[in-house]
Amino acid sequence: MIKLTEDIKNIVVVGAGLMGAGIAQVSLMAGYKVTLVDIKEDFINKGVNSIESGLKRLEEKGELNTNEVMSRLTSTLELLTAVKNADFVIEAVVEKMDVKKEVFKICDEHAPSHCIIATNTSTMSITEMASATKREEQCIGMHFFNPVPLMRLIEIIAGQKSSNHSMDMGVKLGESLPCLKGKRYVVKVLKDRPGFIVNRLNAPVSIYRNYLLDYCYDNGIPWEQLDADYEGKVPMLPCILADYVGIDTSYYGALYYVDKLSPDFTPGKVITQMVKEGKLGRKTGQGFYDWSQGRPNPDTSKKANLVDFDLINAIKLNEGCRLLEEGVTNSYNVIDEANMAGRNTPGPFDQGKDNYQLFVKKLEDFVEETGKKYLKPCKLLRSGKFLEMK
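One point on numbering: in this note's numbering, the residue at position 308 of the sequence shown is 636, and numbering is uninterrupted.
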């Protein structure tokens, strides 16, 4: 059993969805008492069932006792009462700023004065959420990756007023949480910028992905053929991954980038239409694929032969250089290691630093073709000076 983090005994997880349930599960496995909160009994039940299923799989391998671990879990629909004895709150609700700020406000008003309030947001400003409270120095980002029990990375993000103590407690808690695939990689994100490190690194790929999805739709190319292009190159095929995470999650995340970074992040017509029709993926039973009978098994025997992987790597390398320019981190090794820990894929510098001049040309050609100016090569990439920031 991993030793309890000093000063943290009671954790409240707000949101019983995929991420919240995963966070609750690893917290329980670490020995903490956990209260799971959501707005509907059905959401709570699904979250609890997900936790129990995950634990039973481990029990079958002789790694734990499900009943013993589950005895530390309580659940409630009442956030006000849930946080009264909380030492640490982790918010994992829908990616909408107004909803998150309301959660922060309620937690601030009803939690003990020592309680730290963290958000699992994948993209949004920690500083803005913290502004809804009177304890901004005790508000941090604590971004997990899906599935939480398997992915090693946790990003600990500082808002403008986050104290060193709060950041250190976030790191300490993160390091105490078990991971089934090895030791946790907990990284401090030095600046509160959209998407932090790993999601920001991969976010601009969505510009290219929307281009491909809309092209496939316009030309009658099935999604499984587009996914087939990625087979053997990624841990999970992109359309399955989008369904698994939730089409609406990707959609609202993109709108945030539109507001904070560039209109080039505007969701394409395929994604927009799916959200309008309520085809949100796994959670609704229908997305790119039919999930009504469980996880789909698409026929990937035929490829679309559309995906330019050099362009994808160029987009990521360019964004990695932007992160260095913005001071989100000061080392490209940190970016590469975080990407491997959070996505199980090599980082952009490991893959592309020797080809950066070729990548500059790739980006320029795509921008000329599509008008997506956000993807123009940044100064650090053009100059090659990022090579000095190892």
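No residue lacks a Cβ here, since even glycine has one placed at the ideal position from N, Cα and C.
The criterion of a C-beta distance shorter than 8 Å is not satisfied by PRO532 and GLU456.
Residue range 467-472 is occupied by the beta strand (DSSP E) that includes MET470. Across the structure, SER381 and CYS706 are spaced so that their CA atoms are roughly 46 Å apart. Three or more Cβ pairs closer than 8 Å define a contact, and the stretch 683-696 falls short of that threshold against the stretch 508-528. Counting along the chain, SER403 sits inside the beta strand (DSSP E) bounded by residues 401-404. Taking the CA atoms as reference points, ILE535 sits about 13 Å from VAL598. With contacts defined by Cβ atoms closer than 8 Å, THR612 and GLU552 do not form a contacting pair. Contact between LEU356 and LEU401 holds, with the beta-carbon distance rounding to 6 Å and staying under 8 Å. Per DSSP, the beta-bridge partners of ALA486 are ILE468.
Taken through DSSP and simplified to helix, strand or coil, GLN553 comes out as helix.
When DSSP assignments are scanned along the stretch 422-469, the uninterrupted stretches of alpha helix (DSSP H) that are 4 or more residues long and fall wholly within it turn out to be 425-438 and 454-458. Residue burial annotation: HIS471 is buried, with at least 16 other C-beta atoms found within 10 angstroms of its C-beta. Judged by their CB atoms, VAL517 and VAL417 are not nearer to each other than the 8 Å cut-off.
In the structure shown, GLU692 adopts helical secondary structure according to DSSP, grouped into three states. In this structure, VAL342 lies near VAL421, with their beta-carbon atoms less than 8 Å apart.
Contact annotation: ASP366 and ALA344 have beta-carbon atoms nearer than 8 Å.
The beta carbons of ILE643 and LEU703 sit about 6 Å from each other, so the pair counts as a contact at 8 Å. Taking 8 Å as the cut-off, the beta carbon of ILE468 is found closer than this to the beta carbon of ILE485. Below 8 Å, too few C-beta pairs join the stretch 615-626 and the stretch 677-688 to call them touching: fewer than three. THR363 has VAL340 and THR402 as its beta-bridge partners, per DSSP. The stretch 397-411 makes no contact with the stretch 487-494: fewer than 3 CB pairs, one atom from each, lie closer than 8 Å. No Cβ-Cβ contact shorter than 8 Å links ALA582 with PRO591. If you draw a straight line from the Cα of PHE637 to the Cα of ASP557, it comes to about 10 Å. The C-alpha of ASP335 is placed about 36 Å away from the C-alpha of LYS718. Counting along the chain, the unbroken beta strand (DSSP E) around GLU419 starts and ends at 416-419. GLY648 carries a helical assignment under DSSP once its states are collapsed to helix, strand and coil. Its Cα nearest to that of GLY574, the residue LEU608 stands out among ASP542, LEU608, ILE568 and THR600. By alpha-carbon distance to CYS544, the top candidate from GLU503, ASN633, ILE372 and PRO563 is ASN633. Distance from ASP436 to LYS462 at the Cβ level is roughly 6 Å; contact confirmed, criterion being Cβ atoms closer than 8 Å. Burial state of THR451 is buried, judged by a 10 Å Cβ sphere holding 16 or more other Cβ atoms. Sequence-distant partners of ASP520 (beyond 5 residues in either direction) whose C-beta falls short of 8 Å from its own C-beta, in its chain, are SER453, ILE454, THR455, GLY469, ILE485, ALA486, GLY487 and GLN488. Judged by DSSP secondary structure, LYS561 falls outside any alpha helix (DSSP H); it is assigned neither H nor E. The alpha-carbon separation between ILE663 and PRO522 amounts to approximately 15 Å. In the three-state reduction of the DSSP assignment, LYS516 falls in the strand class, which pools E and B. Only buried fits ARG610, as 16 or more other CB atoms lie within 10 angstroms of its CB.
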